[in-house]
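One point on numbering: in our numbering, the residue at position 38 of the sequence shown is 40, and numbering is uninterrupted.
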Amino acid sequence: MKNKKFSSTIILVLLVNIIFAQQLMSPDEFLGYELGSQFSRHHQVVDYYDYLAENEKERVKIVEYGTTNEGRKLRVVILSSAENMANLKSIQENHLKGLQSEETGNT
């Protein structure tokens with residue numbers, strides 16, 4: 003389970019790196035080591051997402067939705083184009099409508 007979460011985190015960090023490669027520090031630069039060469043601790047990943055959110059306000063949104071048993075913040079990170087972020091509420095509503103249609107069998 004931990005390996006799956008760690009792998010998902012690495013994939014997200016790499017995706018972020020691709021999206022913002024020319025404008026921001028890469029995860030390697032931010033962390034000070036090549037990804038995969040050593041374990042990235044939870045706070046390091048959180049710090050990198052905070053860095054992205056601070057420097058790309060139009061394309062990154064962090065939503066806190068609770069805390070872990072250890073008192074760590076639980077977060078959802080939303081990464082997208084500035085245009086999609088401006089329409090985020092509409093995109094979320096359309097997604098929920100699609101889910102409701104699937105539940106009722108209407109597509």
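For glycine and all other residues, C-beta sits at the position ideal for the given N, C-alpha and C.
Could you tell me the distance, in whole angstroms, from the CA atom of residue i to the CA atom of residue j?
i   : j    : result
Y67 : E36  : 30 Å
L26 : S83  : 15 Å
T69 : S42  : 20 Å
D30 : T106 : 46 Å
N71 : H44  : 14 Å
K99 : G73  : 34 Å
K75 : S28  : 23 Å
Is residue j closer than 7 Å to residue i when the C-beta atoms are compared?
i   : j   : result
L54 : V47 : no
Tell me which residues share the same chain as residue i and place their Cβ nearer than 8 Å to its Cβ, disregarding the 5 neighbours each side in the sequence.
i   : result
G86 : It should be pointed out that residue 86 corresponds to Asn in this sequence rather than to Gly. Result list for N86: I93, in chain order.
I64 : Y51, D52, A55, R77, V78, V79 and I80
Beta carbon of residue i: closer than 6 Å to some heavy atom of the ligand SAM?
i   : result
S42 : Among the ligands in the structure shown, none appear at all, so the ligand SAM cannot be discussed.
Exercise for the section: Starting from the N-terminal side, write out each stretch of the beta strand (DSSP E) that is 3 residues or longer and does not extend beyond the segment 50-99. Expected result: 62-69 and 75-81
Problem - Validate contact between the segment 72-79 and the segment 87-94 using beta carbons, cut 8 Å, 3 pairs - result: no
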